[in-house]
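Visitor:
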Ligand SMILES: [Zn+2]
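Numbering (my numbering), first residue to last: 1338 to 1674.
1. When DSSP builds the beta bridges, which residues end up paired with residue 1471?
2. DSSP on residue 1649, reduced to helix/strand/coil?
3. Thinking C-beta only, is residue 1381 closer than 8 Å to residue 1466?
4. Give a yes or no on whether the C-beta atoms belonging to residue 1500 and residue 1483 are separated by under 8 Å.
5. Looking at C-alpha atoms only, which residue of 1395, 1474, 1616, 1632 is the closest neighbour of residue 1530?
6. With burial defined as no fewer than 16 other Cβ atoms inside 10 Å of the residue's Cβ, what is the status of residue 1599: buried or exposed?
7. Starting from residue 1450, trace the alpha helix (DSSP H) in both directions and tell me its first and last residue.
8. Consider the C-beta atom of residue 1437 and the heavy atoms of ligand 1; say whether any pair is separated by less than 7 Å.
9. By the DSSP assignment, the beta strand (DSSP E) with residue 1622 in it spans what residues?
10. What are the start and end residues of each continuous beta strand (DSSP E) run of 3 or more residues lying completely inside the stretch 1563-1632, in chain order?
11. Reducing DSSP to helix, strand and coil, say where residue 1639 ends up.
12. With distance defined between alpha-carbon atoms, name the residue in 1496, 1651, 1643, 1623 nearest to residue 1597.
13. To the nearest angstrom, how far is it from the Cα of residue 1492 to the Cα of residue 1436?
14. Just to confirm before moving on: does the CB-CB distance between residue 1513 and residue 1370 stay below 8 Å?
Here's what the structure looks like:
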């Protein structure tokens, strides 16, 4: 099956009332939609790069309804991402790559999704973008926050419009906002769990504010207005390790209250779980340059998996599929700006 991008300059009306799982039937393919507004430099919005993260779609749907009978303050280009996975209510299908790891700069092997994202990138580059917003949910107990991939003031301004909490990262490669940061101020929004109405409200208000912005200031933000954290490692569970949250024959039994550690400063010696019949670390912490830093952050002590230094985790989740497909968590430290 060949992956084809559909490009439209008019909104199919059925999108205004659709559920994310119906989009694939309506659109038929991943779709790039261009809508003209009063200011010509477009705002780029991508949604459903992960099929089971509907908040961005619902916020966008509300935005499109809001401007159904009046002009958009600024042009919009919208990418409806993994509609097939949305139909199945999954992050991605088993035979698909992660749609947020295949943008220009990716380290993954060439595939048709990479070529599709490259096409979108080139197309949007030619349109002289105003800003780029990619909207996500996560499964753990996390506050709302915006991620940026450059520490420029215009990026910080765009992120601070969403909230005080900002995460800066440069790895993994192939992420949409990391790629678009080469073109314009870009953010990834993390809007909490998929089923929360206040996530949709927050994302809608944010998109509407961005539509009305005439420029993104280059001024520095007051320090009290933002807290910026830098991702120092991504933590995965080693491929050959079985894990779970329940007591059984798993090699790694993770603690059930793990997600409470998200966005809290944790001390050395904080327990992540217990191991059985294991001599080596069951987790793999990889820093931004791709180096294995597992033993800097974790140790095994009396069959317990413990942290070795003060750090702040994010994206810890109890969803075993997400842990296997994506990662266990990220580790962060605060940046003094
Ligand atoms: Zn996501």
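From the three backbone atoms N, C-alpha and C, an ideal C-beta is built for every residue, glycine too.
Guide: Once the coordinates are examined:
1. The sequence position of residue 1471 within the chain shown is 134, counting from 1. As computed with DSSP, residue 1471 is found in a beta bridge with 1383, 1525.
2. Working through the chain shown from its first residue, we reach residue 1649 at position 312. Three-state DSSP puts residue 1649 in a strand.
3. Here residue 1466 refers to the residue found at position 129 when the chain shown is read from its first residue. Here residue 1381 refers to the residue found at position 44 when the chain shown is read from its first residue. For residue 1466 and residue 1381, yes; Cβs fall inside 8 Å.
4. The sequence position of residue 1500 within the chain shown is 163, counting from 1. The sequence position of residue 1483 within the chain shown is 146, counting from 1. A contact, by the Cβ cut-off of 8 Å.
5. Reading the chain shown from its first residue, position 193 is the one you call residue 1530. Residue 1474 holds the alpha-carbon nearest to the alpha-carbon of residue 1530 among 1395, 1474, 1616, 1632.
6. For the purposes of this step, residue 1599 is identified with residue 262 of the chain shown, where counting begins at 1. Classification of residue 1599: buried, given that the 10 Å Cβ count is 16 or more.
7. Position 113 of the chain shown holds residue 1450. Where residue 1450 is concerned, the enclosing alpha helix (DSSP H) stretches over 1449-1463.
8. Here residue 1437 is taken as the residue at index 100 of the chain shown, counted from 1. Residue side-chain check: residue 1437 places its Cβ nearer than 7 Å to a non-hydrogen atom of ligand 1.
9. For the purposes of this step, residue 1622 is taken as residue 285 along the chain shown, with counting starting at 1. Going by DSSP, residue 1622 is part of the beta strand (DSSP E) stretching over 1620-1623.
10. The stretch 1563-1632 contains these whole beta strand (DSSP E) runs: 1564-1574, 1589-1591, 1608-1612, 1620-1623.
11. As a working mapping, residue 1639 is identified with position 302 in the chain shown. In this structure, residue 1639 counts as coil in the three-state DSSP scheme.
12. As a first step, residue 1597 must be located in the chain shown, where it is residue number 260. Nearest Cα to residue 1597 within the set 1496, 1651, 1643, 1623: 1651.
13. Within the chain shown, the letter at position 155 stands for residue 1492. Within the chain shown, the letter at position 99 stands for residue 1436. Residue 1492 and residue 1436: Cα-Cα distance of roughly 23 Å.
14. Walking along the chain shown from the start, residue 1513 turns up at place 176. Walking along the chain shown from the start, residue 1370 turns up at place 33. With respect to residue 1370, residue 1513 sits apart: the two C-beta atoms are not nearer than 8 Å.
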